[in-house]
Amino acid sequence: MPMTLTFHESQYPDQVAMQCRQGLHARKLPGRLLYDSPAQAQRWLAYHQSYSPSRTEPELLVLYERSFQAAITALTGRPLHYVSLGCGGGNKDALFVRHALDHGGALHVSPTDTSAALVLETMLRLQAAVPAFGASPLVVDLTAEPDLDPWLAQQEADGARRVFGCFGIIPNFDYAALLSYLRRLMRPDDLLLISANLSPGPYGSVAAQRILPQYDNPLARAWFAGLLDNLGFTGADLRLAVQAQPLRDDGHIWRIQADAHVLRDVQLALYEESFDFREGEVLEVFFSNRFTPAALSRVLRDAGFDIRQTWVLDSQEEGIYLCRRS
């Protein structure tokens, strides 16, 4: 069946061009560019399939199911509006929707992502997994912090309660800015299910050494390199390096970062502008922040969230948090 996607103004070509120009000048590429094209979406899906704990550790899916049941039970008896922020491939969303439908009651689903290809992937997965349901897929850039409340209100039944699913994106954002935005987006009675990549120990521990290869492997490098190829770089222009670094003195928040080191002078022509890169310069391509479980709980509380329940994988490499605004 034909499918209709709504594009938020943050996804209009002039906005994408402006972000790309700003990123190239700052030598920090916008994260959205890693997912924008269908080819990049497929590279990410292949990488995610092989390295994401939700795909490689079956016990993590059990924790997601428990978190979904807790959120749905808390809102039983009211029309439910499930809003997926950064839906990716939609596996977790399909699991949530199946559990919600088992509980009965009205359900509306709004999958959102910066990648049209990934929103489409999620919608196809939902359609294959569950019977007919109401849906409003939206292509939107969350880094622009759009006011989505008026649009969401148009999609839902009167008196609907919202559950926001925010799975695996906090590591790739300015986490303080993202949490502040989420708090503004939520109404007092809304629920937030947020998951994050965690670190069993602080930076410099064995944990960091074990986690780094999840981001420095052939599939991850193909994903990073695909973006650089799209911009016009060649393999001879750059050398990719993936490394870890602390973000806090105590090491309880640290970062994995992929950088492209410029090997020779390069000039790119993009968006009616020329960009000169000199040998020795460094271009930030990707980052992923890691938190120890205690550090993320503190970050959430400091951002104004009341943590109702927590589910943490035995390896302490991923956690799910059910929150309300405090």
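The number in the numbering used here is simply the position in the sequence shown, starting from 1, with 164 added.
Backbone N, C-alpha and C fix where the C-beta goes; we use that ideal spot for every residue, glycine too.
Please report the straight-line C-alpha distance between residue i and residue j, rounded to a whole angstrom.
{"i": "residue 190", "j": "residue 346", "result": "26 Å"}
{"i": "residue 485", "j": "residue 180", "result": "32 Å"}
{"i": "residue 406", "j": "residue 324", "result": "44 Å"}
{"i": "residue 182", "j": "residue 266", "result": "44 Å"}
{"i": "residue 320", "j": "residue 298", "result": "9 Å"}
{"i": "residue 449", "j": "residue 199", "result": "12 Å"}
{"i": "residue 204", "j": "residue 241", "result": "41 Å"}
{"i": "residue 177", "j": "residue 208", "result": "22 Å"}
{"i": "residue 390", "j": "residue 316", "result": "34 Å"}
{"i": "residue 212", "j": "residue 223", "result": "17 Å"}
{"i": "residue 451", "j": "residue 300", "result": "30 Å"}
{"i": "residue 438", "j": "residue 185", "result": "10 Å"}
{"i": "residue 431", "j": "residue 442", "result": "9 Å"}
{"i": "residue 488", "j": "residue 283", "result": "26 Å"}
{"i": "residue 411", "j": "residue 385", "result": "23 Å"}
{"i": "residue 306", "j": "residue 192", "result": "17 Å"}
{"i": "residue 251", "j": "residue 422", "result": "23 Å"}
{"i": "residue 314", "j": "residue 374", "result": "44 Å"}
{"i": "residue 461", "j": "residue 220", "result": "25 Å"}
{"i": "residue 392", "j": "residue 215", "result": "22 Å"}
{"i": "residue 427", "j": "residue 408", "result": "22 Å"}
{"i": "residue 264", "j": "residue 387", "result": "34 Å"}
{"i": "residue 425", "j": "residue 210", "result": "25 Å"}
{"i": "residue 481", "j": "residue 290", "result": "27 Å"}
{"i": "residue 404", "j": "residue 429", "result": "16 Å"}
{"i": "residue 166", "j": "residue 356", "result": "31 Å"}
{"i": "residue 402", "j": "residue 302", "result": "35 Å"}
Assign residue i to one of two classes, buried (16 or more other C-beta atoms within 10 Å of its C-beta) or exposed (fewer than that).
{"i": "residue 288", "result": "exposed"}
{"i": "residue 253", "result": "buried"}
{"i": "residue 276", "result": "buried"}
{"i": "residue 274", "result": "buried"}
{"i": "residue 382", "result": "exposed"}
{"i": "residue 196", "result": "buried"}
{"i": "residue 231", "result": "buried"}
{"i": "residue 237", "result": "exposed"}
{"i": "residue 292", "result": "exposed"}
{"i": "residue 341", "result": "exposed"}
{"i": "residue 400", "result": "exposed"}
{"i": "residue 279", "result": "buried"}
{"i": "residue 173", "result": "exposed"}
{"i": "residue 171", "result": "exposed"}
{"i": "residue 378", "result": "buried"}
{"i": "residue 318", "result": "exposed"}
{"i": "residue 257", "result": "buried"}
{"i": "residue 433", "result": "exposed"}
{"i": "residue 368", "result": "exposed"}
{"i": "residue 175", "result": "buried"}
{"i": "residue 483", "result": "buried"}
{"i": "residue 436", "result": "exposed"}
{"i": "residue 396", "result": "exposed"}
{"i": "residue 268", "result": "exposed"}
{"i": "residue 490", "result": "exposed"}
{"i": "residue 332", "result": "buried"}
{"i": "residue 286", "result": "buried"}
For a test of the three-state rule: what should DSSP assign to residue i, helix, strand or coil?
{"i": "residue 485", "result": "strand"}
{"i": "residue 470", "result": "strand"}
{"i": "residue 333", "result": "coil"}
{"i": "residue 360", "result": "strand"}
{"i": "residue 312", "result": "coil"}
{"i": "residue 460", "result": "helix"}
{"i": "residue 342", "result": "helix"}
{"i": "residue 351", "result": "coil"}
{"i": "residue 237", "result": "helix"}
{"i": "residue 508", "result": "Because residue 508 is not part of the residues shown, which for the chain are 165 to 490, the question remains open."}
Could you check whether the stretch 349-368 touches the stretch 313-329, counting it as contact only if at least three pairs of C-beta atoms, one from each stretch, sit closer than 8 Å? yes
Pair every Cβ in the stretch 453-470 with every Cβ in the stretch 354-365, then say whether three or more of these pairs are closer than 8 Å. yes
Quick check: the stretch 471-485 against the stretch 409-429, are there 3 or more CB pairs under 8 Å? no
Can you give, in chain order, each stretch of the alpha helix (DSSP H) that sits fully within the stretch 241-309 and has at least 4 residues? 255-266, 280-293
Let me know the alpha helix (DSSP H) ranges lying completely inside the stretch 372-453, each 4 residues or longer, listed in chain order. 382-395
At what residue ranges does the stretch 177-208 contain a whole run of the alpha helix (DSSP H), taking only runs of 4 or more? 177-190
Should the stretch 219-238 be regarded as contacting the stretch 308-322, the criterion being three or more beta carbon pairs within less than 8 Å? no
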